[in-house]
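Visitor:
Residue numbers (our numbering): 476 to 613.
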């Protein structure tokens, strides 16, 4: 099945102002990687830093992984995925080497599965000192 992953807009917001975080992207062309494998690939430096807050791969069968490295300055911020038409998103948090699945949502899932009631996908960042967030975009 060929899918079109349209422009993905990413923002991290707090009540007062935007925060800066490092956001990285990786293409899983075969859709076979687990969150643990993805974190290992990230730790090996094989992700690309997202050059700006949008991404448009065009037509693809690939799954994309985002990793956000966040520190205490991003505590109580929200990650906003600005495309309401993504079929499936898996949101993981890791404070070490083992990612834990926190949310599964997308426009193929009941609206009540969204962590924050909004037409966009908004994920709360509950960062510890050095949290890493993984988002699988399918």
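Ideal Cβ placement from N, Cα and C applies to all residues, glycine included.
List, from N- to C-terminal side, the beta strand (DSSP E) runs of 3 residues or more that fit wholly inside the stretch 487-575.
Guide: The stretch 487-575 contains these whole beta strand (DSSP E) runs: 497-503, 533-535, 538-545, 552-556 and 564-569.
Visitor: Roughly how many whole angstroms lie between the Cα atoms of residue 595 and residue 557?
Guide: Going from the Cα of residue 595 to the Cα of residue 557 covers about 6 Å.
Visitor: With a CB to CB cut of under 8 Å and the five nearest residues on each side skipped, what residues in its chain are close to residue 575?
Guide: The answer, listed in chain order, is 567, 568 and 569.
Visitor: Determine the extent of the beta strand (DSSP E) in which residue 591 is found, giving its start and end residues.
Guide: First-last for residue 591: undefined, no H or E at that position.
Visitor: Report, in whole angstroms, the separation of the C-beta atoms of residue 598 and residue 590, which I expect to be a contact under 8 Å.
Guide: Indeed, because the Cβ distance is near 6 Å, the residues count as touching under 8 Å.
Visitor: Quick one: residues in its chain with C-beta nearer than 6 Å to the C-beta of residue 523, no 5 flanking neighbours on either side, listed in chain order?
Guide: Taken in chain order, the residues that qualify are 500.
Visitor: Classify residue 586 as helix, strand or coil using the three-state DSSP reduction.
Guide: Helix, per DSSP.
Visitor: Name the residue from 552, 608, 532 and 503 whose alpha carbon lies nearest to the alpha carbon of residue 573.
Guide: The option with the nearest alpha carbon to residue 573 is 608.
Visitor: Return the CA-CA distance between residue 515 and residue 509, expressed in angstroms with no decimal places.
Guide: Rounded to the nearest angstrom, the two C-alpha atoms are 10 Å apart.
Visitor: Check the DSSP bridge columns for residue 611 and list the partner residues they point to.
Guide: DSSP lists 540 and 565 as partners of residue 611.
Visitor: Answer yes or no: do residue 541 and residue 498 have a C-beta to C-beta separation smaller than 8 Å?
Guide: For residue 541 and residue 498, yes; Cβs fall inside 8 Å.
Visitor: What's the call for residue 583, buried or exposed, on a 16-neighbour Cβ count within 10 Å?
Guide: Label assigned to residue 583: exposed.
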